[in-house]
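Report on the following structure.
Below, the structure written as structure tokens:
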């Protein structure tokens, strides 16, 4: 070691030792897979170690030369790693293990630093680094430029031309290929053939600048799609001359080169002319690719796509790219080149008028007129794009390169845009190679301006390997689709050539040919799904929600609307017919007067039986707006289609609907009641169900059924069905003769084995039921209703746990129940609002509304406070309505109170217990809307202030948010608006029949209120 080296080591010893210590300490945790490279990077001074290595401040975004950046590209890390391996042979065995053991064996940092210095010295690290850096320094001194920016400036001063990228930028990127060139011919092969053989440019020659091939579009189509090995194809002049000159220089005889043609970006080593490839051989290669695609669960490539890809790898690439770059471009050269290549020669001549491709056109033909005869190769370009999309799934994501000669980058590649991004969008296909040296050689081909794109492919953003179908497989071409985004990451100088490191972004709208051609087909299928959703939403709660969508789909299936090939829908007439048919089918399903016959027609179709439950719900819950006659007719006709065992599980729903209809004032209730009774009678006759007398009486079944006895029952069947006591009930009510003698149907009482005891019990029950019915009838005529309330003072004094349901509360604390007969008119006029309140709340569980006790505690707190001290009576449904299994009298009383409960929310003070789910439930929203209404002679008027309303937020509801949202949502709604809101399927209700009944009342509520006030 000489004195200079020793002094240098002494000067930097402290820093080197510190860096070595840091490297050893961090080695185990950082980069364990490559410890030598990591250690070397720690040994080198980083770009942030000294102020001198920082790049100068710049607002231009242009990359500047820095020492750190320069060192990173000179192989210094590899030099250090080699020196360390030379010093310690055992490193090569297991690098990670060596440095772990080294780090744990040193007793302190000083010892570690000393050992590292020894290793570097023994391995000759400093001389090796000096050799590496000096060679790089000499290259730097002789290079044309040190940075990409410097080289760019030099080329511009020398007169180099700028690269041109799509000026529309991201607009073109997001617009996709279809917006740029239009839609392809659905008959793909026919469309491609026509574009190459039957257009104005098809028979006219053009020449390529790389191999000097002179050919025509028609010839190229024949070479790929209709190959003939015996035919002489156009010759690659440049390749022929290059090889000829080389052989003549070696004294060889000039060879013959028939049937040559090519499309290489460079006459590289190994370049050779193409030969034709039979379609059978192309298909064999295609099958190999498709097997690989199938292994990755990707769509297969078609023969049309293979033909398109092979066409691109020949001379036609110049035409394809000319179209993609020239359309919508304001660059003179691109437009002129496109018209010159892809229009008839006479059109191009009249347009250019003698101007070169670099000059503004001087001809008499306007550009718009010239473009009318342009051959855009639309189908072919879509097919090639599709091939790239599919094949890219098989490409290994390594780096690829593209050499550009005679050009420099435009400004947008040097200065970040408003989003901090540098780069552009390549309108045309982008050809690249895996061979870096080939790209560097091509970039320097003209000895002047040029650069290389180093493209880092990724998991998604990959090109397609075209080698297997290429006319020139030696090129090892990786091809990117049109409208690929090119984003600059950095630049560097490599062998006096600027290398631009970029990241590609494949176009988001890059579709396969099947996707492009199938757009209309997909549109029809997606529209089908949307219509089905619309039908389900429109039918929610009506009972049609299952059978109506199925009827719609059966209509489509009958006409084979969705079974045609994708290209069939691209015919305008076919597409129009499909659209019109689907619209008509939708209207039929949604129109009540047509829906019944449509559904009935499809009931006979195989596989429909599974939806009969939905059909029965349709009968029980048909809205008032539906056609009653059609529904009735359908119900009667069902008898000849259904199996009793299929209907029997729905008997409880039928009975529940009968109970509601029995007390309903709707005009159509009688029609539906007859329909459902007929179905129940049929089930009883077929012994598919057995019903208790209580169940039958509760729903008024025999008031409708007894005229049907002669058609459906015999005496023996009545006994077998377990209905003898029914006759006793009818006898007690004075209906025995009517029931058993109508139309000659006679049965003796003793034949039904009715015991005296059973008769007496039924007689007493009938008497009680009759009396209660008489009371209800009288209240209905007088406009009153008897409600059960809870004494507010009882609640104020209550200190126990949760109060039980109505029946248990009445038994344990009869003093708590207060029964009042109230005039509905008095409720509307507000006579009771100051003394009575009704509670609106959500049931937290199906069988118990207040399992946590929070609701009860909040109500008692309200009653004890100043806001509720005036309240004397409280209506809370769980305490005031009979719950669970009810007796016949309780059920009758419950239905009468329930049918009038809305009047309480219109006339009393309303205490709302608001939780986060309150506004998703039918009953609570309905009650809240009533609470914000004031009844009067003109009907209902919104009370946005809610002067009868007291809201208490419970559980997770937020004061100032949920309560405000409730007021804003519901307080100003008209009856029509709230009907629309509550009809939505997302507004849930436990008993769908409740929703049907209350929605019907909303439609008539203003009429009822006005009628109540009209008697004043």
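Numbering (my numbering), first residue to last: 1148 to 2163.
The beta carbon of each residue, even a glycine, is placed where N, CA and C say it ideally should be.
In this structure, what does DSSP give as the bridge partners for residue 1612?
-> Residue 1612 sits at position 465 when you count from the first residue of the chain shown. Answer is 1625.
So, using beta-carbon positions, are residue 2042 and residue 1806 closer together than 8 angstroms?
-> Here residue 2042 refers to the residue found at position 895 of the chain shown. Here residue 1806 refers to the residue found at position 659 of the chain shown. At the C-beta level, residue 2042 and residue 1806 come within 8 angstroms of one another.
Just confirm the distance between the C-beta atoms of residue 1611 and residue 1535, as a whole number of angstroms; I'd bet it's less than 8 angstroms.
-> The sequence position of residue 1611 within the chain shown is 464, counting from 1. The sequence position of residue 1535 within the chain shown is 388, counting from 1. The C-beta distance from residue 1611 to residue 1535 rounds to 4 angstroms, short enough to fall under 8 angstroms.
Residue 2152 in three-state terms, based on DSSP = The residue labelled residue 2152 in the question sits at position 1005 within the chain shown. Residue state, collapsed to three classes: helix.
Sorted by chain position, which residues of the same chain lie with C-beta nearer than 8 angstroms to residue 1491's C-beta, five sequence neighbours on each side aside?
-> For this step, residue 1491 is matched to residue 344 along the chain shown. Closer than 8 angstroms at the Cβ level, and outside the excluded window around residue 1491, lie 1347, 1348, 1351, 1520.
Of the listed residues 1990, 1598, 1420, 2070, nearest to residue 1644 (C-alpha basis) | Here residue 1644 corresponds to residue number 497 of the chain shown, with the count starting at 1. That would be 1598, whose Cα lies nearest to the Cα of residue 1644.
CB of residue 1939 within 8 angstroms of CB of residue 2020, strictly = The residue labelled residue 1939 in the question sits at position 792 within the chain shown. The residue labelled residue 2020 in the question sits at position 873 within the chain shown. Contact flag set, yes.
Return the chain-ordered list of same chain residues with a C-beta closer than 8 angstroms to the C-beta of residue 1946, the five sequence neighbours on each side being excluded.
-> As a first step, residue 1946 is located in the chain shown; it is residue number 799 there, counting from the start. Contacts found: none.
Do you know offhand how far residue 1683's Cα is from residue 1708's?
-> Taking the first residue of the chain shown as 1, we reach residue 1683 at position 536. Taking the first residue of the chain shown as 1, we reach residue 1708 at position 561. Distance between the alpha carbons of residue 1683 and residue 1708 is about 20 angstroms.
For residue 1657, which of 1700, 1576, 1646 has the nearest alpha-carbon?
-> Looking up residue 1657 in the chain shown gives position 510. When only C-alpha atoms are compared, the closest one is 1576.
When the Cα of residue 1541 is compared with those of 1441, 1489, 1556, which residue comes out closest?
-> Stepping through the chain shown from its first residue, residue 1541 is reached at position 394. Across the set 1441, 1489, 1556, the C-alpha of 1441 shows the shortest separation from the C-alpha of residue 1541.
Can the beta-carbon of residue 2113 be found less than 8 angstroms from the beta-carbon of residue 2130?
-> Here residue 2113 is taken as the residue at index 966 of the chain shown, counted from 1. Here residue 2130 is taken as the residue at index 983 of the chain shown, counted from 1. Their beta carbons are not under 8 angstroms apart, which means residue 2113 does not touch residue 2130 by this criterion.
Whole-angstrom C-beta distance between residue 1429 and residue 1616, which should lie under 8 angstroms = Taking the chain shown and counting its residues from 1, one reaches residue 1616 at position 469. Taking the chain shown and counting its residues from 1, one reaches residue 1429 at position 282. The C-beta separation of residue 1616 from residue 1429 comes to about 7 angstroms, placing the pair in contact by the 8 angstroms criterion.
Taking C-beta to C-beta, are residue 1795 and residue 1836 nearer than 8 angstroms?
-> Position 648 of the chain shown, counted from the first residue, corresponds to residue 1795. Position 689 of the chain shown, counted from the first residue, corresponds to residue 1836. It is a contact, given that the beta carbons lie within the stated cut-off.
Where residue 1998 falls, given that 16 or more other Cβ within 10 Å makes a residue buried | Along the chain shown, one-based indexing puts residue 1998 at 851. Exposed, by the Cβ-count rule.
Kindly indicate which three-state DSSP category residue 1475 falls into: helix, strand or coil?
-> On the chain shown, residue 1475 is found 328 positions in, with the first residue counted as 1. In the structure shown, residue 1475 adopts coil according to DSSP, grouped into three states.
Specify, as a first and last residue, the run of the alpha helix (DSSP H) that residue 1450 falls within.
-> Locating residue 1450 in the chain shown gives position 303, where the first residue counts as 1. Residue 1450 -> alpha helix (DSSP H) spans 1450-1459.
Can you give me the start and stop residues for the alpha helix (DSSP H) that residue 2123 sits inside?
-> Numbered from its first residue, the chain shown carries residue 2123 at position 976. For residue 2123, the uninterrupted alpha helix (DSSP H) run begins and ends at 2122-2130, by DSSP.
Going straight from the alpha carbon of residue 1463 to that of residue 1364, what length do you get?
-> Within the chain shown, the letter at position 316 stands for residue 1463. Within the chain shown, the letter at position 217 stands for residue 1364. Cα-Cα distance, rounded: 7 angstroms.
When you compare only the Cα positions, how much space is there between residue 1126 and residue 1717?
-> In the structure displayed, the chain extends from 1148 to 2163; residue 1126 sits before or after that span and is not available.
Grab the span of the beta strand (DSSP E) containing residue 1269 for me, first residue to last.
-> Sequence index remark: in the chain shown, residue 1269 carries index 122 (1-based). That residue, residue 1269, is in no beta strand (DSSP E); its alpha helix (DSSP H) goes 1256-1269.
Smallest Cα separation from residue 2009: which of 1677, 1988, 1956, 2098?
-> Taking the first residue of the chain shown as 1, we reach residue 2009 at position 862. Measuring from the Cα of residue 2009, the nearest candidate turns out to be 2098.
Label residue 1466 either buried or exposed according to how many other C-beta atoms from any shown protein chain fall within 10 Å of its C-beta, with 16 as the threshold for buried.
-> To locate residue 1466, count along the chain shown from 1; it is residue 319. It counts as buried.
Is residue 1525 closer than 8 angstroms to residue 1329 when the C-beta atoms are compared?
-> Locating residue 1329 in the chain shown gives position 182, counting from the first residue. Locating residue 1525 in the chain shown gives position 378, counting from the first residue. Taking 8 angstroms as the cut-off, the Cβ atoms of residue 1329 and residue 1525 count as close.
How close, in whole Å, do the beta carbons of residue 1560 and residue 1635 come, if the pair is a contact with beta carbons under 8 angstroms?
-> In the chain shown, counting from the first residue as 1, residue 1560 sits at position 413. In the chain shown, counting from the first residue as 1, residue 1635 sits at position 488. That pair is a contact at about 5 angstroms.
Three-state secondary structure assigned by DSSP to residue 1575 | The sequence position of residue 1575 within the chain shown is 428, counting from 1. Residue 1575 falls in the coil class under three-state DSSP.
Simplified DSSP state of residue 1546, which is helix, strand or coil | The count along the chain shown starts at 1 and reaches residue 1546 at position 399. Residue state, collapsed to three classes: strand.
Using alpha carbons as the reference points, say which of 1670, 1480, 1681 lies closest to residue 1714.
-> Here residue 1714 refers to the residue found at position 567 when the chain shown is read from its first residue. Closest option to residue 1714, Cα to Cα, is 1670.
Given a threshold of 16 other Cβ atoms within 10 Å of its Cβ, counted over all protein chains shown, does residue 1724 qualify as buried or as exposed?
-> Here residue 1724 is taken as the residue at index 577 of the chain shown, counted from 1. Exposure of residue 1724 is indicated by the presence of fewer than 16 other C-beta atoms within 10 angstroms of its C-beta.
Tell me, please, whether the stretch 1982-1997 touches the stretch 2058-2071 by the rule of three or more beta-carbon pairs shorter than 8 angstroms.
-> Flag = yes, the stretch 1982-1997 and the stretch 2058-2071 touch.
Could you spell out the range, first to last residue, of the alpha helix (DSSP H) harbouring residue 1947?
-> Sequence index remark: in the chain shown, residue 1947 carries index 800 (1-based). Counting along the chain, no alpha helix (DSSP H) covers residue 1947, and no H or E run does either.
Output the distance between the C-alpha atoms of residue 1341 and residue 1374, rounded to the nearest integer angstrom.
-> Locating residue 1341 in the chain shown gives position 194, counting from the first residue. Locating residue 1374 in the chain shown gives position 227, counting from the first residue. Taking the straight line joining both Cα atoms gives about 17 angstroms.
Cβ neighbours of residue 1926 in the same chain (closer than 8 angstroms, five flanking residues each side left out) = Along the chain shown, read from residue 1 onward, the residue named residue 1926 stands at position 779. 1932, 1933, 1968, 2043, listed in sequence order.
Does the Cβ of residue 1558 have 16 or more other Cβ atoms within 10 Å, making it buried, or fewer, making it exposed?
-> Working through the chain shown from its first residue, we reach residue 1558 at position 411. A residue is called buried when at least 16 other Cβ atoms come within 10 angstroms of its Cβ; residue 1558 does not meet this threshold and is exposed.
Where the alpha helix (DSSP H) through residue 1244 begins and ends | For this step, residue 1244 is matched to residue 97 along the chain shown. Per DSSP, residue 1244 belongs to the alpha helix (DSSP H) from 1242-1252.
Counting only runs of 4+ residues fully inside the stretch 1324-1390, write out the alpha helix (DSSP H) ranges in chain order.
-> The qualifying runs are 1335-1344, 1364-1372.
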